[in-house]
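What follows is a short report on a single structure.
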Amino acid sequence: MKAWRVHELGEPREVLRFEEVADPEPDTGQLLVRVLAAPANFPDVLLCRGEYQIKPPLPFTPGVELCGEVVAIGAGVTRFDVGDRVIGTPNLPGGAFAELAVVEEANAFPAPAALDDTEASALSIGYQTGWFALHRRTSLLPGETLLVHAAAGGVGSCAVQLGKAAGATVIGVVGGAEKAEYCRALGADLVIDRHAEDFLPVVKEFTGGRGVDVVYDPVGGDAYAKSTKCIAFEGRILVIGFAGGTIPQPALNHALIKNYSIIGLHWGLYKHHDPQAIQDCHDELTRLAANRAIKPLISERLALTEVADGLGRLGDGSTVGRIVFQP
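Here numbering that gives the first Met the number 0 is used: the sequence shown runs in plain steps of one and ends on residue 326.
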């Protein structure tokens, strides 16, 4: 099969090679899937750079989620059969940017019938992260105000849709006019282009000085620091990641004085501590997709041969919305 592989760490355009490799085979409890679609995620960029918390041995194939058709099953598999369409997270070092991939049965779920291959491929990590953040780590209530940073990005765009589905008023912060249009298409009630204006006074004016109830922050750095200045009484700041490159140092006395919470989320830990919660989340996301309350908004559908350039643009911050590769 053909697969993208990283032999040395660095920027995606420089280190990714499209190669002929041996077809993988499923072991006990595993599925072999023909990849139908695989989205670009920022962790894929970090994997290429060697900056992700998981560091697979070289050479490896990136691609942390997919939609695929089961072509073979290993011993002990009971939930899926050959021909089933599934979504899930493949086993690194054999990621999704290939024609075939292996997925643990426990990490695979039925692809929602309401979504096509590209849409379904983007339902795992971003939407699961958003759902756990907004409904497990905190409880976003109807009528509350949600502020989403990087709202046109992979995880941010999911949070916008999930916030609207929960009945919240959603404010999206993005970088650039094109990303602002994408965020409006997602359904955000207010979109702020941080390249054109400071989000802090705009948020304060929009909320009548009260501030926002929940902040969804996959950026860190200055985005986090300013969020603490527009968080409402009993507000919650959800720490999702640090795409901005700077890890904040929270002033806990400020959290005490303003009476807000700082809440971390590491979605991957649920696989070990509460795998049933991931299944329950998938069931809810499938229901929301069937009711048209959520739908991944795919901005680019690219060929598998374009992975290096697509990940490069994602790493540069020049992409808008979700990019999905299709073999």
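Glycine included, C-beta positions come from ideal geometry on N, C-alpha and C.
The model shown is predicted, which means the values in this text are computed figures rather than measured ones.
Practice prompt. Select from V306, F131, G28, G244 the residue whose C-alpha is nearest the C-alpha of A107.
Written response: Among V306, F131, G28, G244, the Cα nearest to that of A107 belongs to G28.
Worksheet item: For the beta strand (DSSP E) that Q52 lies in, which residues bound it at each end?
Response: Careful: Q52 lies outside any beta strand (DSSP E) and carries neither H nor E.
Worksheet item: Applying the criterion that 16 or more other CB atoms from any shown protein chain within 10 Å of the CB defines a buried residue, is E118 buried or exposed?
Response: buried
Worksheet item: Would you call the stretch 142-159 and the stretch 212-222 touching, i.e. three or more CB-CB distances under 8 Å?
Response: yes
Worksheet entry | Residue range of the alpha helix (DSSP H) that includes I124 | 124-131
Discussion item. Along the chain, where does the alpha helix (DSSP H) containing K294 start, and where does it finish?
Written reply: Looking at the DSSP string, K294 is not in any alpha helix (DSSP H), and its letter there is neither H nor E.
Discussion item. Let me check one thing: in DSSP terms, what residues is D216 bridge-paired to?
Written reply: V238
Fill in: Contacts around G314, its chain only, beta-carbon distance under 7 Å, and the 5 residues preceding and following it disregarded
E10, P11, V44
Worksheet item: What's the gap between the Cα of H272 and the Cα of E19?
Response: 37 Å
Worksheet item: Given that a residue counts as buried once 16 or more other Cβ atoms are within 10 Å of its Cβ, and exposed if not, what is T304?
Response: Counting Cβ neighbours within 10 Å, T304 comes out exposed, since fewer than 16 surround it.
Worksheet entry | Counted within 10 angstroms of its Cβ, other Cβ atoms place Q127 as buried (16 or more) or exposed | buried
Fill in: CA nearest to the CA of A379, picked from H6, F17, V5
For residue 379 there is no data in the structure shown, the boundaries of the chain being 0 and 326.
Worksheet entry | Contacts around N258, its chain only, beta-carbon distance under 7 Å, and the 5 residues preceding and following it disregarded | F232, E233
Worksheet item: Since L91 and V32 are thought to touch, with beta carbons under 8 Å apart, how far apart are those beta carbons, to the nearest angstrom?
Response: About 15 Å separates the two Cβ atoms, so there is no contact after all.
Discussion item. If you measure between the beta carbons of A132 and R321, is that distance less than 8 Å?
Written reply: No; because the gap between Cβ atoms is not below 8 Å, this pair is not in contact.
Item to complete: Compare the C-alpha of P23 against each of A39, I53, A97, A289 and name the closest.
Response: A97
Worksheet item: Should E104 go down as buried or exposed, given a rule of 16 or more other Cβ atoms within 10 Å for buried?
Response: By the neighbour-count criterion, in which 16 or more other beta carbons inside 10 Å mark a residue as buried, E104 falls on the buried side.
Discussion item. Taking only three categories from DSSP, how would you classify Y260?
Written reply: First, the residue type needs correcting, since residue 260 is Ser and not Tyr in the sequence shown. DSSP places S260 in strand when its eight states are reduced to three.
Item to complete: Taking only the alpha-carbon atoms, compute the straight-line gap between C182 and G162 and give it to the nearest angstrom.
Response: Using only the alpha carbons, I get a separation of about 13 Å.
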